[in-house]
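Engineer:
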Amino acid sequence: MLNGPRDADGFTWWEIRLADGRQGWAVEAADGRRTLLPGVDTAPRGR
């Protein structure tokens with residue numbers, strides 16, 4: 002999460018950056034379903 006929440010057009014928006022570097026705004030929920038879920042650190046770990 003980079004920014005947010007911001008309310009616009011009847012939705013709650015969050016600015017996000019994906020692991021591959023893509024960045025943009027995503028809606029928190031639509032049609033009563035959450036579209037953003039808490040993240041999990043998927044970075045490789047040493048053994």
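If you count by this note's numbering, then the sequence shown holds residues 2 to 48, one letter each, in order. We put the beta carbon where it would ideally sit given N, CA and C, even for glycine.
Identify which residue in N4, D8, L3 has its Cα closest to the Cα of A30.
Structural biologist: Among N4, D8, L3, the Cα nearest to that of A30 is on D8.
Engineer: In angstroms, rounded to a whole number, what distance separates the CA positions of P6 and D21?
Structural biologist: About 22 Å.
Engineer: Compute the Euclidean distance between the alpha carbons of G47 and R23, then round it to the nearest angstrom.
Structural biologist: Those two C-alpha atoms are separated by around 26 Å.
Engineer: Name the residue from R35, G40, L19 whose alpha carbon lies nearest to the alpha carbon of F12.
Structural biologist: Comparing Cα-Cα distances from F12 to each of R35, G40, L19, the minimum goes to R35.
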